[in-house]
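**Q** Chains A and B are the protein sequences, given in the same order. The first sequence runs 4 to 615 under this note's numbering. The second sequence runs 185 to 552 under this note's numbering.
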Amino acid sequence: MAWRPDFDTSETEIYQKRLTRLTYFVLIVFGVLLVRLWFLQIINGAKYRIQSENNRIDLRDVLPFRGLIFDRDGQLLVDNRPSFILGVVPEDIRGLDCLIGNLRRLIEIDGISTKKRIEEALKRDPFNPVYIKKGLTRDELARIETNTLSIPGVIIKAKPKRHYLYGTLAAHLIGYLGEIDREQLNREEYKENKPGDFVGKFGVEKKWQRYLNGMRGGQQVEIDASGRRLRVLYQKAAEPGFNVYLTIDRDLQMLAERSLYDKEGAIVVMKPGSGEILAMASSPTFDPNGFAKGMDKKGWERLVSNRYFPLQNRVISGQYPPGSLFKLVVALAGLEEGVIDPNEKIFCGGSYSFKGRVYRDWKEEGHGYVDLHRAIVESCDVYFYKMGQKIGIDTIAKYAKRLGFNCETGLQLGDEKPGLIPDRAWKLRRWHAPWEEGETLSVAVGQSFTLITPVQIVRFISALFNGGILFRPQVTKWIGRMNEERISEFKPDLTGYWDLKRENMELVKRALIGVVNEPHGTGKRARLDRTRVAGKTGTAQVIALPQEEESVQERDVPYRFRDHAWFAAVAPAENPEIAVAILIEHGGLGGAVAAPIARDLFESYFNKVKPL
Amino acid sequence: MFDRRLIHNFDWILLSVLIIIGFMSVLNLYSAAYSIRSMGGSQIYVRQICWYAIGFLILLLMTTFDYHLLERFAYPLFFVSLVLLVVVLKIGKVTHGSQRWLSFGYFNVQPSEMVKISLVVVLAKYFSKAEKIGDYRLRELLRPFMLIAIPFVLVVDQPDLGTALMLLIVSFSIIIFVKVNWKSILIFLSTALLAAPFFWITLQEYQKKRIITFLRPDLDPLGAAYHVTQSKIAIGSGLLRGKGFLKGTQTRLHFLPEQHTDFSFSVFAEEWGFVGSAMLLFLYLFLILWCLNIAKNSKDKFGTFVVVGIVASIFWQLAINVSMVTGLLPVVGIPLPLFGYGGSSVISTMAAMGLIMNVSMRRFIFQE
Chain A
4 MAWRPDFDTS ETEIYQKRLT RLTYFVLIVF GVLLVRLWFL QIINGAKYRI
54 QSENNRIDLR DVLPFRGLIF DRDGQLLVDN RPSFILGVVP EDIRGLDCLI
104 GNLRRLIEID GISTKKRIEE ALKRDPFNPV YIKKGLTRDE LARIETNTLS
154 IPGVIIKAKP KRHYLYGTLA AHLIGYLGEI DREQLNREEY KENKPGDFVG
204 KFGVEKKWQR YLNGMRGGQQ VEIDASGRRL RVLYQKAAEP GFNVYLTIDR
254 DLQMLAERSL YDKEGAIVVM KPGSGEILAM ASSPTFDPNG FAKGMDKKGW
304 ERLVSNRYFP LQNRVISGQY PPGSLFKLVV ALAGLEEGVI DPNEKIFCGG
354 SYSFKGRVYR DWKEEGHGYV DLHRAIVESC DVYFYKMGQK IGIDTIAKYA
404 KRLGFNCETG LQLGDEKPGL IPDRAWKLRR WHAPWEEGET LSVAVGQSFT
454 LITPVQIVRF ISALFNGGIL FRPQVTKWIG RMNEERISEF KPDLTGYWDL
504 KRENMELVKR ALIGVVNEPH GTGKRARLDR TRVAGKTGTA QVIALPQEEE
554 SVQERDVPYR FRDHAWFAAV APAENPEIAV AILIEHGGLG GAVAAPIARD
604 LFESYFNKVK PL
Chain B
185 MFDRRLIHNF DWILLSVLII IGFMSVLNLY SAAYSIRSMG GSQIYVRQIC
235 WYAIGFLILL LMTTFDYHLL ERFAYPLFFV SLVLLVVVLK IGKVTHGSQR
285 WLSFGYFNVQ PSEMVKISLV VVLAKYFSKA EKIGDYRLRE LLRPFMLIAI
335 PFVLVVDQPD LGTALMLLIV SFSIIIFVKV NWKSILIFLS TALLAAPFFW
385 ITLQEYQKKR IITFLRPDLD PLGAAYHVTQ SKIAIGSGLL RGKGFLKGTQ
435 TRLHFLPEQH TDFSFSVFAE EWGFVGSAML LFLYLFLILW CLNIAKNSKD
485 KFGTFVVVGI VASIFWQLAI NVSMVTGLLP VVGIPLPLFG YGGSSVISTM
535 AAMGLIMNVS MRRFIFQE
């Protein structure tokens with residue numbers, strides 16, 4: 004590169020001048036910094052030296068109030084109550100043994116383990132308080148407060164504690180809190196939180212954690228060597244979390260849970276025209292207040308090891324064989340494919356022989372000649388054995404998936420299960436065995452490998468009566484604070500659409516009205532006088548009792564082998580406002596056990612909603 | 185190609201100043217890490233020694249070629265560093281919620297440090313080629329503005345607001361040095377102020393929050409505001425002669441946050457007092473004045489501008505860092521160059537010092 008005469012003399016001079024000015028500027032800034040250091044270290048140095056030796060600045064968290072949870076009518080379900088924690092600042096203790104002795108005279112504590120913990124903290128981090136007792140009673144609080152002078156180093160911290168007003172009410176849906184774990188602490192959405200915080204671990208508490216949590220505030224408090232608060236140097240108020248209004252109807256939810264009392268099972272009530280969940284009950288249940296206290300190890304183990312899985316939300320994570328409910332899928336598939344002629348009558352003599360095996364109908368003496376309508380109304384198995392065989396397993400599976408099974412409904416409450424719709428490819432993949440034709444017959448009446456969840460059923464029956472729209476079930480009506488703009492508001496969320504012929508859906512709907520309202524219908528016990536109910540019963544075998552065996556009396560079967568009882572219904576049939584799915588584990592016959600519960604729910608709902 | 189005069193002109197003084205600063209940095213980190221030994225941080229000073237070793241090698245490497253080579257390849261280099269910035273956004277390592285690092289197995293590279301240098305080089309080339317001397321109007325600054333805007337946006341996106349701010353400050357220092365029409369500056373500032381609200385509206389909620397916490401960290405009483413209070417106590421309690429090496433109580437009791445990075449100056453000031461901290465400041469002042477002298481003696485405009493750009497970067501980082509630990513400015517997370525702990529920062533600063541040395545060595549050599 005050739006040298007360029009870049010700098011002619013005039014230019015050189017210009018830049019020299021600027022560089023000189025730059026130098027002055029640098030000198031001035033350095034001068035300012037030096038003066039500042041002089042000011043800090045020489046003029047005010049003594050003050051800072053004293054602070055560094057004697058005083059310290061304590062940081063106090065001001066915890067935000069977690070947002071409240073209400074039902075759809077604004078009834079309070081969850082709030083916060085103050086709870087008091089006893090702590091000790093190791094650095095401020097004068098004589099550990101003396102302190103523990105004094106404390107034991109005032110309240111009940113475990114002296115040995117407390118001493119050990121304080122001794123450990125003394126070595127590690129003497130300025131941070133060690134918490135030795137949670138949930139002080141008013142009485143204990145008063146005793147401590149009046150004796151503060153004799154127990155230096157003891158502090159009391161007020162902390163809001165989550166309070167679930169109705170205990171177990173909607174426990175699975177609302178969820179519970181737990182201490183934040185290591186993995187969560189590293190995540191962006193928990194950056195407001197610190198170790199020891201309680202955050203949503205399940206259900207709505209977890210789903211809306213970021214809104215419920217609020218923003219923590221803080222105080223810088225200057226404290227002298229003996230731990231007295233000198234003054235608040237700086238503070239910021241905490242910002243409470245946003246409230247969550249659920250779509251749940253408290254009264255309906257209570258009724259649903261009462262109906263499940265001493266049973267295992269699930270009930271879900273939904274608005275067919277929008278997907279709003281009105282009630283969601285799962286039994287057995289648990290009391291989330293136990294978690295808010297900070298559950299001890301024993302309590303937790305009791306919950307987890309319980310053989311009836313109280314923590315499981317059976318509505319979304321319980322997978323069950325659908326029983327006769329699945330006949331509706333077979334019926335729709337057969338009608339769409341032209342395999343089922345609704346007027347064709349088939350003889351049912353109580354059993355059906357196929358490839359050398361006898362497939363029984365639930366009604367030993369048979370139903371006689373039945374068409375599609377009667378086959379659904381009376382839940383004739385033989386009719387569906389035949390039709391299922393004609394339609395074929397892959398077609399049934401294709402329709403079942405199209406109608407919304409074999410995938411999550413998208414409720415987003417955690418741990419939703421997809422269920423299972425078997426077909427030839429699945430069996431080959433899963434069991435490395437070809438599909439057997441006989442299995443198609445079992446599938447057609449809702450047995451075999453097929454598994455569905457209660458929430459899928461309520462969505463299914465809703466879609467059947469709302470014209471084929473699959474709404475995403477939702478539990479949140481709105482989030483926000485009173486008199487403020489809402490953060491999020493319920494909007495129906497269409498997740499799918501049934502591409503079926505209207506007249507076929509009408510045929511099945513009419514049959515479901517028959518199930519409840521005709522003399523031979525299996526769902527008679529859900530009938531209401533004022534409103535027309537439509538529904539379908541189901542009785543799902545838990546294990547396939549050998550078909551050849553003599554039929555056994557229900558009460559002779561051990562509990563865990565008894566059939567699950569299903570009932571799914573909507574009302575009013577003409578213009579449905581409410582849909583329910585009920586599952587009673589090992590309950591026996593759907594029509595006998597589950598249908599009356601649906602009736603109660605409908606009655607309660609229609610009595611509450613007064614006609615305008 | 186290689187000229188004996190180069191060795192003759194080697195800037196031993198600059199090198200010595202750097203070595204002294206490096207030595208003080210390691211000593212100080214040893215003290216800072218001494219207190220966090222229980223937390224497994226004792227190896228920090230050893231790593232800092234490694235960074236300095238690598239840094240000095242790179243510094244020597246940067247003197248081996250004629251810096252006009254850089255001038256020739258300014259744009260391609262700039263382009264490469266921009267590409268790296270884009271790459272880091274796509275596949276970079278995420279730490280503390282921002283994406284700044286490219287991971288190469290054993291070591292990580294921070295492309296935003298590289299872009300700091302290449303932006304200075306590109307701007308120096310642009311202005312050294314320009315026909316005019318001074319009084320740039322806004323219209324004529326359109327291209328440099330574009331050059332600044334692209335890396336700025338990419339770095340903001342990581343987000344690394346500290347480095348983004350440095351990019352802006354350094355670029356504007358260069359532009360003011362080449363002399364822009366004051367009227368243009370006024371127009372520019374007023375339009376920027378007018379446009380700010382509209383820009384603000386288009387930001388996402390989380391972006392707004394990020395900028396607010398960057399500019400007003402004192403809003404977080406348990407975070408930055410607390411840090412400043414403790415830092416002031418640490419510095420002030422050093423008095424005239426300090427508490428002595430390894431005897432800083434603020435440091436030992438973990439009252440000082442990030443004592444090995446952003447608050448390393450406070451650790452030093454507590455242990456060595458006003459005498460020590462003033463000496464450290466004078467050392468930096470000497471370094472900066474020495475470099476400005478190199479800029480003065482550079483044989484061409486490009487050299488001058490490159491040196492001025494780099495000096496501006498060092499100067500502003502130092503001024504901002506010291507102001508922030510002494511409570512003159514909000515805590516914006518800009519480390520003290522060469523003194524605080526950090527591989528990328530030490531190495532890139534040493535590379536930049538190498539460039540200055542390069543200019544210094546070739547001030548008398550004219551190639552035919």
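Glycine included, each C-beta is placed from N, C-alpha and C at the ideal position. All values reported here derive from a predicted model rather than from experimental measurement.
Determine, using beta-carbon pairs with one atom in the region 149 to 162 of chain A and one in the region 105 to 116 of chain A, whether at least three such pairs fall under 8 Å.
**A** yes
**Q** Which residues in the same chain have their Cβ closer than 6 Å to the Cβ of residue 301 of chain B, if we skip the five residues on either side of it in sequence?
**A** 536
**Q** Distance check for residue 50 of chain A and residue 421 of chain B, CA to CA, integer angstroms please.
**A** In this model, residue 421 of chain B and residue 50 of chain A are separated by some 8 Å (Cα to Cα).
**Q** Any C-beta of chain B within less than 7 Å: which residues of the region 14 to 32 of chain A qualify?
**A** 14, 17, 18, 19, 21, 22, 25, 26, 29, 32
**Q** Cutting at 7 Å between CB atoms, please list the residues of its own chain near residue 509 of chain A, excluding the five before and the five after it.
**A** none
**Q** First and last residue of the beta strand (DSSP E) that includes residue 86 of chain A?
**A** 79 to 91
**Q** So for residue 195 of chain A, helix, strand or coil by DSSP?
**A** coil
**Q** What does residue 51 of chain A reach in chain B if we use C-beta pairs closer than 9 Å?
**A** 416, 417, 418, 419, 420, 421, 422, 423
**Q** Could you pull the DSSP bridge partners for residue 567 of chain A from this structure?
**A** A:543
**Q** State yes or no: is the C-beta of residue 518 of chain A within less than 9 Å of the C-beta of residue 602 of chain A?
**A** No, the Cβ-Cβ distance between residue 518 of chain A and residue 602 of chain A is not below 9 Å.
**Q** Which residues share a DSSP beta bridge with residue 246 of chain A?
**A** A:483
**Q** Can you pull the chain E neighbours of residue 39 of chain A, defined as C-beta to C-beta under 7 Å?
**A** This model lacks chain E altogether; the protein chains it does include are A and B.
**Q** Check the DSSP bridge columns for residue 572 of chain A and list the partner residues they point to.
**A** A:538, A:583
**Q** Where do the ends of the alpha helix (DSSP H) carrying residue 465 of chain A lie?
**A** 457 to 468
**Q** If you reduce the DSSP assignment to three classes, tell me which class residue 163 of chain A lands in.
**A** Residue 163 of chain A falls in the strand class under three-state DSSP.
**Q** Along the chain, where does the alpha helix (DSSP H) that runs through residue 209 of chain A open and close?
**A** Looking at the DSSP string, the run of the alpha helix (DSSP H) that includes residue 209 of chain A is 206 to 210.
**Q** Under the three-state reduction of DSSP, which class applies to residue 284 of chain A: helix, strand or coil?
**A** strand
**Q** Count the other CB atoms, across all protein chains shown, that sit within 10 Å of the CB of residue 551 of chain A; report buried if there are 16 or more and exposed otherwise.
**A** Unreliable placement is indicated for residue 551 of chain A, whose pLDDT of 40 sits below 50; the coordinate value is still reported in the next sentence. By the 10 Å Cβ count, residue 551 of chain A comes out exposed.
**Q** Here's the rule: buried if 16 or more other CB atoms are within 10 angstroms of the residue's CB, otherwise exposed. What is residue 366 of chain B?
**A** exposed
**Q** Restricting to Cα atoms, I'd like to know which of A:353, A:489, A:368 is closest to residue 362 of chain A.
**A** A:353
**Q** What did DSSP end up calling residue 194 of chain B once you bin it into helix, strand or coil?
**A** coil
**Q** Comparing C-alpha positions only, which one of A:378, A:278, A:210 sits nearest to residue 523 of chain A?
**A** A:378
**Q** What residue does the alpha helix (DSSP H) around residue 148 of chain A start on, and which one ends it?
**A** 141 to 149
**Q** Is residue 498 of chain A helix, strand or coil by DSSP?
**A** strand
**Q** Using the beta-carbon count (16 or more within 10 Å), is residue 234 of chain B buried or exposed?
**A** exposed
**Q** Just how far apart, CA to CA, sit residue 342 of chain A and residue 436 of chain A?
**A** 28 Å
**Q** Within 9 Å (strictly less), CB to CB, does residue 45 of chain A reach chain B?
**A** Judged by the 9 Å Cβ criterion, residue 45 of chain A is in contact with chain B.
**Q** Measuring CB atoms only, is the region 523 to 535 of chain B touching the region 445 to 452 of chain B, in the sense that at least three cross pairs come out at less than 8 Å?
**A** yes
**Q** Would you identify the three-state DSSP class for residue 604 of chain A, choosing helix, strand or coil?
**A** helix
**Q** Counting C-beta neighbours from all protein chains within 10 Å, is the total for residue 260 of chain B 16 or more, i.e. buried, or is it exposed?
**A** exposed
**Q** Are the CB atoms of residue 538 of chain B and residue 245 of chain B within a distance shorter than 9 Å?
**A** yes
**Q** Can you tell me the Cβ-Cβ gap for residue 458 of chain A and residue 423 of chain A, rounded? I've got them flagged as a contact below 8 Å.
**A** Actually they do not touch by this definition, with Cβ atoms about 15 Å apart.
**Q** What does the alpha-carbon distance come out to for the pair residue 222 of chain B and residue 511 of chain B?
**A** Because residue 222 of chain B sits at a pLDDT of 46, beneath the cut-off of 50, its placement in the model cannot be relied upon, and the following sentence gives the value as read from the coordinates. Approximately 29 Å between the Cα atoms of the pair.
**Q** Measure the alpha-carbon distance for residue 20 of chain A versus residue 295 of chain B and round it to whole angstroms.
**A** 35 Å
**Q** Could you tell me which of A:36, A:445, A:493, A:514 sits nearest to residue 331 of chain A, measuring between CA atoms?
**A** That would be A:514, whose Cα lies nearest to the Cα of residue 331 of chain A.
**Q** Are residue 467 of chain A and residue 430 of chain A closer than 9 Å when you measure CB to CB?
**A** Here residue 467 of chain A is not near residue 430 of chain A, since their CB atoms are 9 Å or more apart.
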